[in-house]
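Novice: Quick note, the sequences are listed as chains A and B, same order.
Counting in the working numbering, the first sequence runs from 106 upward without gaps.
Counting in the working numbering, the second sequence runs from 61 upward without gaps.
For glycine and all other residues, C-beta sits at the position ideal for the given N, C-alpha and C.
After the structure tokens below, expect a handful of questions from me.
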Amino acid sequence: MENNIKEEIEIYTNNVENLYKAVQIWLEKKGYRFELETLELNEEKTGKYKIDKLLIYKQNKNIAELVPIGLDIIGANGRVDLMTHYDSREFLCFKNGGPVITTKIEGHKREHKIFNGIKEDGWYWVESFTLKKAYKIDREVFSSILDEVTSTWVI
Amino acid sequence: MGYLEDLKEVIEIHEFEIDLYKDFSRKKQTEYFSEGFGKNKQYYSKEFLRKTEEYTVLQLWTIFERNFFELTKQYIFANNDEGTLKYAIEEKTAEKLERWPLDEILDLYKTIIDSNTVGMIKQIKRYRDWLVHKNPKKGTPGKITHKDAYIYLSNFLRFITTDLLR
Numbered sequence: 106m107e108n109n110i111k112e113e114i115e116i117y118t119n120n121v122e123n124l125y126k127a128v129q130i131w132l133e134k135k136g137y138r139f140e141l142e143t144l145e146l147n148e149e150k151t152g153k154y155k156i157d158k159l160l161i162y163k164q165n166k167n168i169a170e171l172v173p174i175g176l177d178i179i180g181a182n183g184r185v186d187l188m189t190h191y192d193s194r195e196f197l198c199f200k201n202g203g204p205v206i207t208t209k210i211e212g213h214k215r216e217h218k219i220f221n222g223i224k225e226d227g228w229y230w231v232e233s234f235t236l237k238k239a240y241k242i243d244r245e246v247f248s249s250i251l252d253e254v255t256s257t258w259v260i
Numbered sequence: 061m062g063y064l065e066d067l068k069e070v071i072e073i074h075e076f077e078i079d080l081y082k083d084f085s086r087k088k089q090t091e092y093f094s095e096g097f098g099k100n101k102q103y104y105s106k107e108f109l110r111k112t113e114e115y116t117v118l119q120l121w122t123i124f125e126r127n128f129f130e131l132t133k134q135y136i137f138a139n140n141d142e143g144t145l146k147y148a149i150e151e152k153t154a155e156k157l158e159r160w161p162l163d164e165i166l167d168l169y170k171t172i173i174d175s176n177t178v179g180m181i182k183q184i185k186r187y188r189d190w191l192v193h194k195n196p197k198k199g200t201p202g203k204i205t206h207k208d209a210y211i212y213l214s215n216f217l218r219f220i221t222t223d224l225l226r
């Protein structure tokens, strides 16, 4: 495997691990339990590699999991999905500013930001495709999304 | 309907399908788990979400491609010089346009849109091709959610339209 590919996998794996660590801190003392389970991803760009998913338990029931989808994501630097048996939300890894489209119409160069709210590197959730507002995944945002995808289900 | 409305309708139908599915699953979830094959239901649910997502990306691409060719033909006929050799050549070019490799036509747009964005559109096309001819033994190409596909494809068409109208 080429060195730059190895490096890309390492960066993605670190970003995913940092998200897991943060989630475990955010949900501390709320009665959750966590487990890691290794899965294998196979991307054209990288070939096969192993990475962990994070299983989230409450009252000994697996209520949700954070599942890495891959590092080769169009317009982003990686994706992890928060999944339950019946619902899911996509978290995308962006660099500061997020993706930009540059046009050169009538000789005028203009930059068009795709999403609003990307002010630093990190994991984001895009609420609506029309508003294009991206929310940084922090304690409050994650707890609200977890609640939204799990609260209405018996599971 | 214009391309934007067509693309939006695909997203709205996607959201409608997901809402119906969630509503149905919520009402049926106790039954699902009381049955012996609860595990299969969970698998089917995840597969349903995944396949609906993929199908929506395919539909978005189909609308994009149709409108992309249409707008490119408008460029060809931008100067109406009917009856001239130039027009005859333009007419033949427009006729053959859809047989050209799409990547090569997309490359022409690098004069008005940055090459990274053109590259992203090509990547969406590759992802679309992979969805259609999926080979589970091969690794996945760059992936995209239906929301992001909508944003990039609609913006690309919007910029072309803006340039055509100037």
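In three-state DSSP terms, what is A138(B)?
Specialist: Against the second sequence, residue 138(B) aligns to sequence position 78. Coil at A138(B), not helix or strand.
Novice: From I219(A) to F139(A), what distance separates their C-alpha atoms?
Specialist: By 1-based counting over the first sequence, the position of residue 219(A) is 114. By 1-based counting over the first sequence, the position of residue 139(A) is 34. In this structure, the CA atom of I219(A) is about 34 Å from the CA atom of F139(A).
Novice: Quick test of the definition: if touching needs 3 or more C-beta pairs under 8 Å, does the region 191-210 of chain B touch the region 113-133 of chain B?
Specialist: yes
Novice: Whose CA, out of I204(B), S175(B), N176(B), T177(B), lies closest to the CA of D189(B)?
Specialist: The sequence position of residue 189(B) within the second sequence is 129, counting from 1. D189(B) has its Cα closest to that of I204(B), out of I204(B), S175(B), N176(B), T177(B).
Novice: Whose CA, out of Y104(B), E65(B), F129(B), lies closest to the CA of E164(B)?
Specialist: In the second sequence, the residue the question calls residue 164(B) occupies position 104. Of Y104(B), E65(B), F129(B), the residue nearest in Cα terms is F129(B).
Novice: For Y229(A), which option in S256(A), E122(A), N182(A) has the closest C-alpha, if you only look at C-alpha atoms?
Specialist: On the first sequence, residue 229(A) is found 124 positions in, with the first residue counted as 1. It is N182(A).
Novice: Tell me whether the beta-carbon of A169(A) lies closer than 9 Å to the beta-carbon of L144(A).
Specialist: Looking up residue 169(A) in the first sequence gives position 64. Looking up residue 144(A) in the first sequence gives position 39. No. Outside cutoff.
Novice: Determine whether the beta carbon atoms of L132(A) and L251(A) lie at a separation below 9 Å.
Specialist: On the first sequence, position 27 is the one that residue 132(A) refers to. On the first sequence, position 146 is the one that residue 251(A) refers to. It is a contact, given that the beta carbons lie within the stated cut-off.
Novice: Quick one: which residues of the region 135-153 of chain A get their C-beta closer than 9 Å to a C-beta of chain B? List them in chain order.
Specialist: L146, N147, E148, E149, K150, T151, G152, K153
Novice: List the DSSP bridge partners of I173(A).
Specialist: In the first sequence, counting from the first residue as 1, residue 173(A) sits at position 68. Ile is not the amino acid found at residue 173(A); the sequence shown has Pro there. In the DSSP output, where bridge partners are listed per residue, P173(A) has V185(A).
Novice: Taking the straight line between their C-alpha atoms, what separation do you get for I69(B) and F234(A)?
Specialist: By 1-based counting over the second sequence, the position of residue 69(B) is 9. By 1-based counting over the first sequence, the position of residue 234(A) is 129. Note on residue identity: the sequence assigns Glu, not Ile, to residue 69(B). Rounded to the nearest angstrom, the two C-alpha atoms are 13 Å apart.
Novice: What do you reckon, are the CB atoms on L191(B) and N127(B) nearer than 9 Å?
Specialist: In the second sequence, counting from the first residue as 1, residue 191(B) sits at position 131. In the second sequence, counting from the first residue as 1, residue 127(B) sits at position 67. No. Outside cutoff.
Novice: For H190(A) and R244(A), what's the separation of their Cα atoms in angstroms?
Specialist: Taking the first sequence and counting its residues from 1, one reaches residue 190(A) at position 85. Taking the first sequence and counting its residues from 1, one reaches residue 244(A) at position 139. Cα to Cα, the separation comes out at about 23 Å.
Novice: Could you pull the start and end residues of the beta strand (DSSP E) that E148(A) belongs to?
Specialist: Translated into positions along the first sequence, residue 148(A) becomes position 43. E148(A) -> beta strand (DSSP E) spans 137-148.
Novice: Is the distance from the Cβ of K209(A) to the Cβ of D174(B) below 9 Å?
Specialist: Numbered from 1 along the first sequence, position 104 holds the residue referred to as residue 209(A). Numbered from 1 along the second sequence, position 114 holds the residue referred to as residue 174(B). Closer than 9 Å, so yes.
Novice: Once DSSP output is grouped into helix, strand and coil, what is the label at W228(A)?
Specialist: As a position in the first sequence, residue 228(A) is number 123, starting the count at 1. Looking at W228(A) - three-state DSSP - the assignment turns out to be strand.
Novice: Does the distance from the C-beta atom of L176(A) to that of E148(A) stay below 9 Å?
Specialist: Working through the first sequence from its first residue, we reach residue 176(A) at position 71. Working through the first sequence from its first residue, we reach residue 148(A) at position 43. One thing to note: L176(A) has its Cβ within 9 Å of the Cβ of E148(A).
Novice: What in chain A is Cβ-close to F219(B), meaning under 9 Å?
Specialist: Mapped onto the second sequence, residue 219(B) falls at position 159. Ordered by position in chain A, the residues that pass the 9 Å Cβ test against F219(B) are I206, T208, I210, H217.
Novice: Helix, strand or coil: how does DSSP classify F76(B) here?
Specialist: As a working note, residue 76(B) is residue 16 in the second sequence. Helix at F76(B).
Novice: So which residues on chain A does N28(B) lean against when the C-beta distance must stay under 9 Å?
Specialist: No information on residue 28(B) is available, as it lies outside the stretch 61 to 226 that chain B covers here.
Novice: Does the beta-carbon of H206(B) have 16 or more other beta-carbons within 10 angstroms, so that it is buried, or is it exposed?
Specialist: Sequence index remark: in the second sequence, residue 206(B) carries index 146 (1-based). H206(B) should be labelled buried.
Novice: Going by alpha carbons, who is nearest to G202(A) out of E216(A), D192(A), G212(A)?
Specialist: In the first sequence, residue 202(A) corresponds to position 97, counting from 1. Cα-wise, what sits closest to G202(A) is E216(A).
Novice: Can you pull the chain B neighbours of F234(A), defined as C-beta to C-beta under 7 Å?
Specialist: Working through the first sequence from its first residue, we reach residue 234(A) at position 129. Chain order gives the chain B residues near F234(A) as I71, K207, Y210, I211, where near means a beta carbon separation below 7 Å.
Novice: Indicate whether at least one CB of chain B lies closer than 9 Å to the CB of D157(A).
Specialist: Here the question's residue 157(A) lines up with position 52 in the first sequence. The beta carbon of D157(A) sits no closer than 9 Å to any beta carbon of chain B.
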